[in-house]
Amino acid sequence: MLDGVVATAAFETFPQGARFTMQWAPAGRAPVRTLLLLPPFGEEMNKSRRTLAWSARSFARHGWAVLALDLGGTGDSAGDFGDATWAGWLEDVGCALDLMKRRFGTQPTLWGVRGGSLLAAAVDGEAHDVLLWQPVINGDAYLTQLLRLRVANDAFAGREGTTTKQLRAQLEAGETLEVAGYDLNPELVLPLGRTSLAAWQPGDRRIAWLETGAETDGQPSPAGRRVVDDWAARGTPADLRWVRGEPFWLTQDISENTTLAQASIELLDAVTA
Amino acid sequence: MNASQDTIDAVRGILEQTLSLGPRAAQLTPASRLLGAIPELDSMAVINVLTAMEDRFGFAVEDDEIDAQTFATFGSLAAFVESKMSA
Chain H
1 MLDGVVATAA FETFPQGARF TMQWAPAGRA PVRTLLLLPP FGEEMNKSRR TLAWSARSFA
61 RHGWAVLALD LGGTGDSAGD FGDATWAGWL EDVGCALDLM KRRFGTQPTL WGVRGGSLLA
121 AAVDGEAHDV LLWQPVINGD AYLTQLLRLR VANDAFAGRE GTTTKQLRAQ LEAGETLEVA
181 GYDLNPELVL PLGRTSLAAW QPGDRRIAWL ETGAETDGQP SPAGRRVVDD WAARGTPADL
241 RWVRGEPFWL TQDISENTTL AQASIELLDA VTA
Chain Y
1 MNASQDTIDA VRGILEQTLS LGPRAAQLTP ASRLLGAIPE LDSMAVINVL TAMEDRFGFA
61 VEDDEIDAQT FATFGSLAAF VESKMSA
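Chains as they are written, first to last, in our numbering: chain H, 1 to 273; chain Y, 1 to 87.
Encoded structure:
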């Protein structure tokens, strides 16, 4: 135990197989809020680990408990990435939510980071509070971005002329595609591509949406503003805020963002108060 | 098409962050050459810049819109973004 935080690594047995989890919780007291971390995907997750672990620990110091889950086929969980499916990941999320409800007796907050935000939008069931960090707004655009990596790779290797359109057709024909070292299963990326925050009906949820960047006087993205305005028009007001900090999921070297955690605490505590 | 100051600032911010340009970002003018002049801007970095622009502005860049001309200068890149936003 360090600074009043208990960090626990465990393998949980889900029906789909063993899932690796990390939990950070306040020592010796019941957490006042619990969060399930829905992680970024692929390379972005590797770049994010340090910031997310640091943030989870600050949340725990603040009295919140955080459970981080390695989705099937990722990290230390069972399965190959190429066998992972969107439905399987949603089952993993459902099992993790059940586990947290049994363990803490409260409704967890979904903490979606980058691509993990699309999982938050796809989780059925009762309303959860939702915390989004630099969310991927549109799964379809995200899929195109992934496929573009393959186009660039092919061009590098002298195979000019690959297009994202053609790669999409291969996925739709049921083919698994290798992109930047990851085997993309069509059953994972096609449903992901059909998920978008703009199309989501968040209903009676409380949502905090945070973006970050290293510029001195940044603003929330126009793309995020549009979605949040649209939710507000449909009866779900969300807090959208920009804070200055490292764009940890994309920097070439691993960087640490320490401002998002503090802003999250402020926004979610305001919701509870 | 000339880009607005907001667009120019946003594109400068994206280049600064995705390429880790540091103080060099502040010195970019519309005439500054990008491709071939900024060593960090390899083809992977071009993809990362496009991704960051799509995420920020919410437009989609098609395969056939990705060409060296767009990334020739800071001004041509900002003009591209401006045209995508008004499309």
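Beta carbons: idealized from backbone N, C-alpha and C, even for Gly.
What does DSSP give as the partner residues of G112 (chain H) in its beta bridges? Partner(s): H:L38, H:L132.
Given A232 (chain H) as reference, the closest of H:L147, H:E172, H:A270, H:Q201 once Cα atoms are compared: H:Q201
For T144 (chain H), does the count of other Cβ atoms within 10 angstroms reach 16, so buried, or fall short, so exposed? buried
Name the two residues that bound the continuous alpha helix (DSSP H) containing D67 (chain Y). Unbroken run through D67 (chain Y): none, as it is neither H nor E.
Beta-carbon of K165 (chain H) versus every beta-carbon of chain Y: anything under 9 angstroms? It does: the Cβ of K165 (chain H) has a partner Cβ on chain Y nearer than 9 angstroms.
Just to check my reading of the structure: E52 (chain H) and A68 (chain H) have Cβ atoms closer than 8 angstroms, yes? What is that Cβ distance to the nearest angstrom? The displayed chain sequence assigns Leu, not Glu, to residue 52 (chain H). Their Cβ separation, rounded to whole angstroms, is 7 angstroms, which keeps L52 (chain H) and A68 (chain H) in contact under 8 angstroms.
If you draw a straight line from the C-alpha of A60 (chain Y) to the C-alpha of A141 (chain H), how long is it? 7 angstroms
Using a Cβ-Cβ cut-off of 7 angstroms (strictly less than) and excluding sequence neighbours within five positions of G58 (chain Y), which residues of its own chain qualify? none
In chain Y, what lies closer than 7 angstroms to L149 (chain H) by C-beta? I47
For Y182 (chain H), which residues does DSSP report across the bridge? H:V179
Alpha-carbon to alpha-carbon, A37 (chain Y) and A155 (chain H): Going from the Cα of A155 (chain H) to the Cα of A37 (chain Y) covers about 21 angstroms.
Counting Cβ pairs, one atom from each stretch, are 3 or more of them under 8 angstroms apart for the stretch 129–136 of chain H and the stretch 197–217 of chain H? yes
In whole angstroms, what is the alpha-carbon distance linking L50 (chain Y) and T29 (chain Y)? 20 angstroms
Which residue or residues does DSSP assign as beta-bridge partners of S196 (chain H)? H:N138
Closest residue to R168 (chain H) among H:G42, H:E126, H:N185, H:F81 (Cα-Cα distance): H:N185
Does the Cβ of N46 (chain H) have 16 or more other Cβ atoms within 10 Å, making it buried, or fewer, making it exposed? exposed
When we look at the beta-carbon of V32 (chain H) and count the other beta-carbons within 10 Å, is it buried (16 or more) or exposed? exposed
Can you name the start and end residues of the alpha helix (DSSP H) that D81 (chain Y) belongs to? Sequence check: residue 81 (chain Y) is Val here, not Asp. Where V81 (chain Y) is concerned, the enclosing alpha helix (DSSP H) stretches over 74–86.
Just to confirm, are P108 (chain H) and L71 (chain H) a CB contact at a threshold of 9 angstroms? no
If you drop the 5 nearest sequence neighbours on each side, which residues of the same chain put their C-beta closer than 8 angstroms to that of D183 (chain H)? D80, F81, G82, T176, L177
When DSSP builds the beta bridges, which residues end up paired with R241 (chain H)? When beta bridges are read from the DSSP output, R241 (chain H) appears opposite H:L210.
With 9 angstroms set as the bound, which would you pick, yes or no: does the beta-carbon of D63 (chain Y) sit closer than that to a beta-carbon of chain H? For D63 (chain Y), the nearest CB of chain H lies under 9 angstroms from its own CB, placing it at the interface with that chain.
Check whether A87 (chain H) and A18 (chain H) have beta carbons under 9 angstroms apart: no
Let me know the secondary structure DSSP gives R24 (chain Y) once reduced to three states. If DSSP states are grouped into helix, strand and coil, R24 (chain Y) belongs with the helices.
Does the distance from the CB of L19 (chain Y) to the CB of F74 (chain Y) come in under 9 angstroms? no
Using only alpha-carbon positions, find the residue among H:P15, H:T163, H:R205, H:V113 that is nearest to L250 (chain H). The candidate whose alpha carbon is nearest that of L250 (chain H) is H:V113.
Own chain, CB closer than 6 angstroms to F59 (chain H), minus 5 neighbours either side, in chain order: If we look at F59 (chain H) and ignore the five residues flanking it on each side, its Cβ neighbours are V66.
Mind checking whether A72 (chain Y) and R33 (chain Y) have CB atoms under 9 angstroms apart? yes
Quick check: is the beta carbon of Q134 (chain H) nearer than 9 angstroms to any beta carbon in chain Y? Chain Y contact via Cβ: present.
So the alpha helix (DSSP H) F57 (chain Y) belongs to, where does it begin and stop? 43–57
Minimum C-alpha distance to S43 (chain Y) - residue among H:D92, H:T216, H:A157, H:A198: Cα-wise, what sits closest to S43 (chain Y) is H:A157.
For T106 (chain H) versus P191 (chain H), is the C-beta distance shorter than 9 angstroms? no
Going along chain H, which residues have a C-beta under 8 angstroms from Q17 (chain Y)? Going along chain H in sequence order, the residues near Q17 (chain Y) (Cβ under 8 angstroms) are G213, A214, E215, P247, L250, T251.
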